[in-house]
Amino acid sequence: MAFANRIRSSLPLVTKILKSDSLSAAHGSSAQRSVLCPTFTNSELSKNFSTAPGKKEVKVKVPLVLFGGSGNYASALYIAAVKANALEKVESEILDIVESTKRSPTFSQFTKDLSVPADTRVKAINEISAQAKFSDVTKNFLVLLSQNGRLKNLETIAKRFVELTMAHKGEVKAIVTSVIPLPAVEEKELKETLQELIGQGKKVILEQKIDPSILGGLVVEFDKKVFDMSIKTRARQMERYLREPANLDSL
Numbered sequence: 001m002a003f004a005n006r007i008r009s010s011l012p013l014v015t016k017i018l019k020s021d022s023l024s025a026a027h028g029s030s031a032q033r034s035v036l037c038p039t040f041t042n043s044e045l046s047k048n049f050s051t052a053p054g055k056k057e058v059k060v061k062v063p064l065v066l067f068g069g070s071g072n073y074a075s076a077l078y079i080a081a082v083k084a085n086a087l088e089k090v091e092s093e094i095l096d097i098v099e100s101t102k103r104s105p106t107f108s109q110f111t112k113d114l115s116v117p118a119d120t121r122v123k124a125i126n127e128i129s130a131q132a133k134f135s136d137v138t139k140n141f142l143v144l145l146s147q148n149g150r151l152k153n154l155e156t157i158a159k160r161f162v163e164l165t166m167a168h169k170g171e172v173k174a175i176v177t178s179v180i181p182l183p184a185v186e187e188k189e190l191k192e193t194l195q196e197l198i199g200q201g202k203k204v205i206l207e208q209k210i211d212p213s214i215l216g217g218l219v220v221e222f223d224k225k226v227f228d229m230s231i232k233t234r235a236r237q238m239e240r241y242l243r244e245p246a247n248l249d250s251l
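When we follow the working numbering, the leftmost residue of the sequence shown carries the number 1, and every step to the right adds one.
Now the structure itself:
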């Protein structure tokens, strides 16, 4: 009951902080938007596993900018899947094979063992893809990873790819961390607050995480923002201020 009361008492503060913070980000310039959502023209990676070589090149706008090798592979897969009009199918297949690596230690070791010759990896992936009836986009992408020794990064690439598919569908993932699961009423209230901030045309997907170490309160993460209203963080702030008595008035 005490934990539930702490959660309930935190929600008004969550709402207040979320809304106040959103004001500074509500008026982004068109230049900023163009940087965040550029037209992905360098599709060399996607050409390696595209399935329509004779067709006119179509520019695909990537909804998020992803950095690093995993981001590049995920973006290339997104481009190929959109061009093939198979985004949902490819997403499902990629998540299926990632889940298979988690269920099978042998398969997981296979994807990570760089001592396995590339042609052996490619042959195995082709057989797996045929048996699972994967789309050409997924199969060719997995073959590309096999050839480049990147199968070990499959789970990370898949996570980045899901970020792109969610953005494509107008979904925004929000993670709320608490000591105990949020009661249904509080979860609904928080989701509505986030939905109001994000605006129409997008859908909030709320994910709850349990972490007793925060001691109470909430930590809310969404749209690359973190709002830490946990008792653990507040206690640290109090301790810091207590070392500096002159700052007590700002508490």
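Beta carbons: idealized from backbone N, C-alpha and C, even for Gly. This one's a predicted model, so the numbers in the text were calculated from it and none came from an experiment.
For Ile125, the secondary structure class from DSSP, reduced to helix, strand or coil, is helix.
Residue state for Ile205 is assigned as strand, using DSSP reduced to three classes. Distance between Arg234 and Glu186, taken at the CA atoms: about 21 Å. Residue environment analysis places Phe67 among the exposed positions, since fewer than 16 neighbouring C-beta atoms fall within 10 angstroms of its C-beta. In this structure, DSSP gives Phe107 a helical state, which the three-state scheme calls helix. In the three-state DSSP reduction, Leu218 falls in the strand class (E or B).
CA-CA distance, Thr165 to Glu91, rounds to 8 Å. Short of 7 Å from the beta carbon of Thr156, and not among the five residues preceding or following it, lie these beta carbons of its own chain, in chain order: Ser70. Burial of Thr138 is indicated by the presence of at least 16 other C-beta atoms within 10 angstroms of its C-beta. Following the DSSP letters along the chain, one finds Ile198 inside the alpha helix (DSSP H) bounded by residues Ala184 to Ile198. About 5 Å separates the CB atoms of Val98 and Ala158; that is less than 8 Å, so the two are in contact.
Assigned with DSSP and collapsed to three states, Ile180 falls in coil, not helix or strand. Per DSSP, the unbroken alpha helix (DSSP H) holding Phe141 starts and ends at Asp136 to Gln147. Annotated as distal: Phe141 and Tyr78, with beta-carbon spacing of 8 Å or more. When DSSP states are grouped into helix, strand and coil, Lys225 belongs to the strand group.
In the three-state reduction of the DSSP assignment, Lys61 falls in the strand class. Under DSSP, Val172 takes part in a beta bridge, and its partners are Val204.
The DSSP-derived three-state label of Ser92 is helix. About 6 Å separates the CB atoms of Ile125 and Val143; that is less than 8 Å, so the two are in contact. Taking Leu206 as the centre and dropping the five residues before and after it, the same chain places the C-beta of Ala174 and Lys191 closer than 6 Å to its C-beta, in chain order.
Straight-line measurement puts the Cα of Pro183 at about 13 Å from the Cα of Thr177.
With fewer than 16 neighbouring CB atoms inside 10 Å of its own CB, Ile210 falls in the exposed class. Per DSSP, Asn72 is one residue of the alpha helix (DSSP H) stretching across Gly68 to Lys83.
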